[in-house]
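Heads up: the sequence shown begins at 522 in the numbering used here, then just goes up one per residue.
For each residue, glycine too, the CB sits at the ideal point set by N, CA and C.
No experiment lies behind these values; they were computed from the predicted model shown.
What follows is a single structure, written as C-alpha cells, with notes after it.
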Amino acid sequence: DQALASSSAIFRECAERGMHLSMVNLGGGFPTRYLKPVPGVENYGDAIYRGLVKHFGNHMPETIIEPGRGMVGNAGIIEAEVVLISKKSEEDDVRWVYLDIGKFGGLAETMDEAIRYPIRTLHDGAEMTPCVLAGPTCDSADVLYEKTPYLLPVTLEIGDKVLIEGTGAYTTTYSAVAFNGFPPLRSYII
522 DQALASSSAI FRECAERGMH LSMVNLGGGF PTRYLKPVPG VENYGDAIYR
572 GLVKHFGNHM PETIIEPGRG MVGNAGIIEA EVVLISKKSE EDDVRWVYLD
622 IGKFGGLAET MDEAIRYPIR TLHDGAEMTP CVLAGPTCDS ADVLYEKTPY
672 LLPVTLEIGD KVLIEGTGAY TTTYSAVAFN GFPPLRSYII
C-alpha cells in the first residue's frame, strides 16, 4: 500500500508540473510454494487493485507486475545424487549428507538458508532424522542447510537419488561454470 501511496503522490506532483505519467511498474515477483503455502496470485491481485482504487481513484494508471518465481518456481526439479554420508564424530547425532550439487551448482539461494527447497527421496515415509545438507565442493561455504538441519530418511544411502523441488527459477543461471571442476547444471526442457 505504501508503494502505491508514494506512486500516487509522484503522479500528482508530476501532473502539477505538466508531466503526465501513465504507468506504474510494481516490480515483482510473486512467491512460489516451497515448504509452506503462499497466498494465491488472486490475493495479490485483489490487494493491488484495492490499493490502486484507494490511491488513484478513477485515474488508474497502466500497471505492470513481474511474476518472477511465482510463475516458474514449481516448474523445475533437480535430480541429485547422495555422494557421501558421514558424521563429524562417533558421538555426533547429526549426519552430514553430501549431494552432487550445491550452492555453486545452482542452489545459491540456500545462502543463509533463505530458501528451503522441498526434497523428496525414494525412502520417504521411513524414519526421519536431522541432517546437515552440503554440496560436493571443497569450499566451506558449500553447505546448504546447517543452522536448521533438514529431516531426511535414516535409510538414505550413498548413490540414492533425491529430488529437489521448486527449482524452476534462477537455479540454472546461478550455476557456476566448472567451479572446482564440476560442470554447470544441465537443464532439460519438456
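- Counting along the chain, isoleucine 710 sits inside no beta strand (DSSP E), nor does DSSP assign it H or E at all.
- Beta-bridge partners of proline 674 (DSSP): Met649.
- For lysine 575, no beta strand (DSSP E) segment is defined; the enclosing uninterrupted segment is the alpha helix (DSSP H) at 562-577.
- DSSP places glycine 589 in the coil class of the three-state scheme, outside both helix and strand.
- Spanning the alpha carbons of proline 705 and threonine 553 requires a straight line of approximately 24 Å.
- Just so you know, the alpha carbons of methionine 649 and phenylalanine 532 end up roughly 55 Å apart.
- Between alanine 601 and isoleucine 685, the CB-CB gap stays under 8 Å.
- Isoleucine 640 and valine 683 have their alpha carbons spaced roughly 7 Å apart.
- Across the structure, glutamate 634 and leucine 665 are spaced so that their CA atoms are roughly 7 Å apart.
- Ranked by Cα distance from lysine 608, the options Gly594, Tyr619 and Cys535 are led by Tyr619.
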